Structures are given as C-alpha cells and as structure tokens.
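Engineer: My questions will all concern the structure given below.
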Amino acid sequence: MSGWAANSNAAQPLAGIRVLDFSQIMMGPVATQLLADHGADVLKIERPGSGDIFRHAIVDPDGAEHPAFGAVNRNKRSVAVDVRAPEGLALIDDLVAKADVVVNNYRPGVMDRLGLGYERLSEINPGIVYAQGTGFGTEGVYAHKGGQDILAQALTGAMAHKAEDDHPTAIYPVSLADYTAGMHMVQGILMALLQRSRTGRGQRVQVSLYDSLLAMQILEATMSLMGREVVNWARLPLVGTFSSADGEVVVVGAFKANPLRDICAALEMPDLSTRPEFATMAEQAVNRPRLQALIAEAIGRFSTAEVIERLEAQDVLCAPVRTLDEALDDPHTAPMIAEMPRPALTPLRSLASPVHLPDTPASVRFPPPRLGQGAGEALADYGIESERVDALLEAGVLA
Numbered sequence: 011m012s013g014w015a016a017n018s019n020a021a022q023p024l025a026g027i028r029v030l031d032f033s034q035i036m037m038g039p040v041a042t043q044l045l046a047d048h049g050a051d052v053l054k055i056e057r058p059g060s061g062d063i064f065r066h067a068i069v070d071p072d073g074a075e076h077p078a079f080g081a082v083n084r085n086k087r088s089v090a091v092d093v094r095a096p097e098g099l100a101l102i103d104d105l106v107a108k109a110d111v112v113v114n115n116y117r118p119g120v121m122d123r124l125g126l127g128y129e130r131l132s133e134i135n136p137g138i139v140y141a142q143g144t145g146f147g148t149e150g151v152y153a154h155k156g157g158q159d160i161l162a163q164a165l166t167g168a169m170a171h172k173a174e175d176d177h178p179t180a181i182y183p184v185s186l187a188d189y190t191a192g193m194h195m196v197q198g199i200l201m202a203l204l205q206r207s208r209t210g211r212g213q214r215v216q217v218s219l220y221d222s223l224l225a226m227q228i229l230e231a232t233m234s235l236m237g238r239e240v241v242n243w244a245r246l247p248l249v250g251t252f253s254s255a256d257g258e259v260v261v262v263g264a265f266k267a268n269p270l271r272d273i274c275a276a277l278e279m280p281d282l283s284t285r286p287e288f289a290t291m292a293e294q295a296v297n298r299p300r301l302q303a304l305i306a307e308a309i310g311r312f313s314t315a316e317v318i319e320r321l322e323a324q325d326v327l328c329a330p331v332r333t334l335d336e337a338l339d340d341p342h343t344a345p346m347i348a349e350m351p352r353p354a355l356t357p358l359r360s361l362a363s364p365v366h367l368p369d370t371p372a373s374v375r376f377p378p379p380r381l382g383q384g385a386g387e388a389l390a391d392y393g394i395e396s397e398r399v400d401a402l403l404e405a406g407v408l409a
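Read in my numbering, the sequence shown has 197 at position 187, and its numbers run on one by one without any break.
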C-alpha cells in the first residue's frame with residue numbers, strides 16, 4: 011500500500027523518540043498514534059484495572075473491547091501503574107528520566123496533584139517535552155470546564171454555522187475538535203523537539219479543543235474581526251447539493267470566469283448567465299433560490315454518474331455525495347486502509363496515517379494493546395530491572 015508499510019523495519023523519522031502517554035479518549039491518543047505510526051516508541055500509562063476510559067466507553071454486545079479504542083491506539087505498548095503509590099510515582103520518575111515526550115489531556119491541575127506536572131518532571135529531565143491537551147486551556151473563565159468536542163463546537167461558534175438560516179442548530183457528528191487538537195499537538199511536539207535539538211532543553215506544549223476549533227474558522231473569524239460580512243461558503247449561489255435521478259451530487263461553481271455558463275452547457279440548459287437576473291455573481295446571490303431551483307430541475311433528469319461526467323467535461327467542480335461506507339469501499343481509499351492481526355480476535359481494520367513519506371513510510375508494528383500488554387518488554391527497554399518489576403507486581407502497584 012502506498013505510503014504504508016506493515017511491520018516495516020526501515021528507519022523512520024521518529025525512531026528513537028520515547029513518548030510516555032498519559033492521555034485517554036481521543037485528543038491525546040490521536041496525537042501519540044501518529045507519532046507512533048512514524049517510529050516513536052509510545053508507552054501508554056494507564057490506571058490498573060480499568061485503563062483508558064475509551065476502552066469501556068463503548069462496549070460491543072458480546073462484551074469485547076470496542077474498535078473505537080483501537081482506532082487511536084495502535085503501535086503502542088501499555089503499562090498499568092498506580093501513580094498514587096510512592097513506588098508507582100518513583101517508577102514514572104525513572105521513565106521520565108529517559109523519555110523525550112510526556113503527553114496528557116487531563117483537566118488543568120490533575121497532573122500536578124499526581125506529582126506529574128511540568129515543573130517537577132522538567133527538574134528530573136530538563137530535556138522533556140511536556141504536551142498538555144485541555145478542553146479550554148489552563149487560564150481564563152473556561153479553564154475549569156471539562157473538555158469535550160461537542161462543548162467546543164458550541165462555545166467556539168462552530169455549531170452555529172448553517173448552510174441555510176432555517177436549518178436547526180445541530181451537533182456535527184464527527185470529532186472535529188478532538189482530531190484537530192490532536193494534530194496541533196503533534197505539530198507542537200515536533201517543534202519543541204526541533205528546538206530542543208538546538209538548545210538541549212524541552213518545553214511545555216499546550217493545546218486546547220477550544221483554540222483548535224477556533225483556528226479551523228480562521229477565515230470566518232478574520233472577516234468578523236475586521237468588521238466584514240462573514241462569507242457562508244455553503245450559501246454561494248452556485249454551490250449546493252442537488253438530487254440526481256438516483257442520488258445526490260454537490261456542485262461548486264467557482265474559480266472560473268463564468269461557471270454558470272459551463273454548468274448550463276453541461277446540463278443541456280439555456281445559458282442562464284445571459285439573463286439579467288443571473289448575469290453577475292451579485293445578481294445570482296440575490297436570486298439564488300430561483301437559480302438553484304432551475305439547476306436542481308436539470309440535474310434531476312440525469313443519474314449521478316451522468317451529472318458528474320457532464321460537469322467534469324466542462325471542468326466544473328463536483329462530486330457524488332456518499333456515505334462513509336461507500337467512501338471506504340472506493341478503490342481510491344484502499345491505500346488508507348490498515349489491517350492489523352490480533353491474537354484470538356478478528357483483524358482490526360482501520361485508517362492508516364494520512365501523512366505519506368515514501369522514503370520512510372508509516373508502519374503497523376503491533377495492534378492496540380490490551381491493558382498492560384507489552385509492559386515487561388517496555389520497562390526493560392527503559393532499564394527497569396525484572397526484580398523491581400516483580401516486586402511492583404506483587405505489591406499491586408503494577409497490574
């Protein structure tokens with residue numbers, strides 16, 4: 011598969027980078043999985059007994075761990091350690107001394123109360139890069155709030171965006187803030203590692219769902235801050251979804267001198283751009299309902315495949331509107347599908363890294379870990395003696 015190597019032994023960009031991952035649910039795990047896909051050694055630090063909340067947030071009918079956890083936790087090893095026990099905290103200290111990156115996405119103050127705040131850990135290892143993901147930052151009126159994608163959608167104005175004014179306000183059903191913040195966290199970690207290579211010192215990286223979702227709206231925010239009318243891209247006169255004879259298509263009539271003329275030619279319509287009410291974009295905007303009704307009527311005469319073929323022949327931007335299942339079945343998607351064998355379970359099929367580096371491709375080295383899976387090997391890699399591991403297991407500090 012292009013840009014994706016199963017069990018690759020090739021040197022990867024992040025090979026040798028050690029990450030201690032205290033994060034859970036999605037934002038942090040998304041970030042650490044991308045680092046792991048590209049060679050980082052990620053050790054997931056979890057609670058004994060329960061582990062990452064996401065392991066149990068969704069449960070299969072047969073009681074098995076839901077694939078949602080696996081979607082963001084491949085290429086990691088897991089250690090279940092009681093960090094509240096002095097022996098557990100001492101173990102973490104020894105891991106931090108040899109690590110490059112610490113990641114967490116707890117509410118502000120939680121890691122400090124556990125003795126795992128940046129100030130303390132940076133004394134142990136001045137080179138540590140400490141990535142902290144929160145819902146709303148560490149300061150300000152919302153800092154105390156629990157972080158959650160839907161709350162970020164609501165508070166940043168993202169949820170208020172509508173294609174049409176009369177549409178009800180709706181929750182966007184994909185984790186926009188979590189994924190975007192995870193990607194911003196990766197960027198921050200890599201920048202901090204680059205700076206460390208110059209100075210020898212790590213630093214704190216702070217990312218929030220709130221800031222990341224605001225950043226996604228940079229065009230709209232800038233228009234608003236400058237006192238301009240915010241352009242609703244979905245409401246441009248030649249942009250819309252239309253029902254074909256057997257499905258739906260989206261048309262983006264833009265980036266051309268006269269896209270309306272070309273749309274009309276493709277759909278065997280009279281050239282509406284010669285009519286005064288549609289002659290300019292301003293007139294098209296004023297008369298958008300009538301214009302879109304005429305286009306919809308024409309598109310309805312053809313199948314989806316015919317509409318796409320006709321519009322593309324005129325170099326008009328368009329695409330069929332598909333379900334996720336249909337997109338996953340598309341041959342174009344095949345290079346983005348990763349399959350990981352799992353002992354005693356069906357193989358886990360998920361999406362590969364979207365970052366393609368042909369010379370040093372992402373790889374699947376192992377599937378998402380069971381709680382504590384790989385702990386012995388990982389701790390040995392950090393120089394923790396087996397006798398100490400056995401004693402911690404006996405004391406219930408490790409599980």
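Each residue gets a CB set at the ideal place from its N, CA and C atoms; glycine is no exception.
On a predicted model such as this, the values are computed, not experimentally measured, just so you know.
#1: Roughly how many angstroms lie between the CA atoms of R214 and G143, to the nearest whole one?
#2: Let's test the definition: count the other Cβ atoms within 10 Å of the Cβ of N268 and tell me whether it reaches 16, buried, or not, exposed.
#3: Where do the N-terminal and C-terminal ends of the beta strand (DSSP E) with K172 fall, by residue?
#4: Any beta-carbon of chain D closer than 8 Å to the one on G156?
#5: Give the range of the alpha helix (DSSP H) segment to which K108 is assigned.
#6: Mind reading off the beta-carbon distance from L381 to G125? Whole number of angstroms is fine, and I expect it under 8 Å.
#7: Express the C-alpha separation of V93 and I102 in angstroms, rounding to a whole number.
#8: Pull up the distance between the alpha-carbon of L355 and that of V69, whole angstroms please.
#9: Starting from the Cα of L204, find the closest Cα among D110, I134, D31, P77 and give me that residue.
#10: In the DSSP assignment, the alpha helix (DSSP H) including T166 goes from what residue to what residue?
#11: Could you check what DSSP says for V82 in three-state terms: helix, strand or coil?
#12: With a 10 Å radius around its C-beta and 16 neighbouring C-beta atoms as the bar for buried, classify L402 as buried or exposed.
#13: Under 8 Å by Cβ, that's how I've got K85 and Q43 pegged, so tell me the actual separation to the nearest angstrom.
#14: Return helix, strand or coil for G13, following the three-state DSSP convention.
#15: Taking the alpha-carbon positions, what's the P58 to F265 distance?
#16: Look at N4 and M37 and say whether their C-beta atoms are less than 8 Å apart.
#17: Compute the beta-carbon to beta-carbon distance between L219 and G145, rounded to the nearest angstrom, for a pair I have assumed lies under 8 Å.
#18: Please classify E149 as buried or exposed, where buried requires at least 16 other C-beta atoms within 10 Å of its C-beta.
#19: Can you check whether the CB of I55 is closer than 8 Å to the CB of V89?
#20: Does L381 come out as helix, strand or coil in the three-state DSSP assignment?
#21: Under three-state DSSP, which class holds E239?
#22: Provide the residue span of the beta strand (DSSP E) that contains A348, from first to last.
#23: Spatial neighbours of K108 within its chain, please: CB distance less than 6 Å, with the 5 preceding and 5 following residues excluded, ordered by chain position.
Structural biologist: In short:
#1: The alpha-carbon atoms of R214 and G143 are separated by roughly 11 Å.
#2: Burial call: exposed.
#3: Judged by DSSP secondary structure, K172 falls outside any beta strand (DSSP E); it is assigned neither H nor E.
#4: The structure shown contains no chain D; it is built from a single protein chain.
#5: For K108, the enclosing alpha helix (DSSP H) has its first and last residue at 96-108.
#6: For L381 against G125, the beta-carbon gap comes to about 22 Å, at or over 8 Å, which does not count as contact.
#7: For I102 and V93, the distance between alpha carbons rounds to 7 Å.
#8: C-alpha separation (whole angstroms): 15 Å.
#9: The shortest Cα separation from L204 among D110, I134, D31, P77 belongs to D110.
#10: No alpha helix (DSSP H) contains T166, which DSSP labels as neither H nor E.
#11: In the structure shown, V82 adopts coil according to DSSP, grouped into three states.
#12: With 16 or more Cβ atoms within 10 Å of its Cβ, L402 is classed as buried.
#13: Checking the sequence shown, residue 85 turns out to be Asn, not Lys. Their Cβ separation, rounded to whole angstroms, is 7 Å, which keeps N85 and Q43 in contact under 8 Å.
#14: Since pLDDT at G13 reaches only 41, below the 50 mark, its modelled position is unreliable, and the value read off the structure follows with that caveat. Here G13 sits in coil by DSSP.
#15: If I take the Cα positions, the gap works out to 56 Å.
#16: Absent from the model: residue 4. The displayed extent of the chain is 11 to 409, so no value can be given.
#17: So it is a contact: roughly 5 Å between Cβ atoms.
#18: With a threshold of 16 other beta carbon atoms within 10 Å, E149 falls short and is exposed.
#19: Contact flag set, yes.
#20: Residue state, collapsed to three classes: coil.
#21: Coil.
#22: 347-352 is the span of the beta strand (DSSP E), which, as asked, contains A348.
#23: Here the set comprises Y392.
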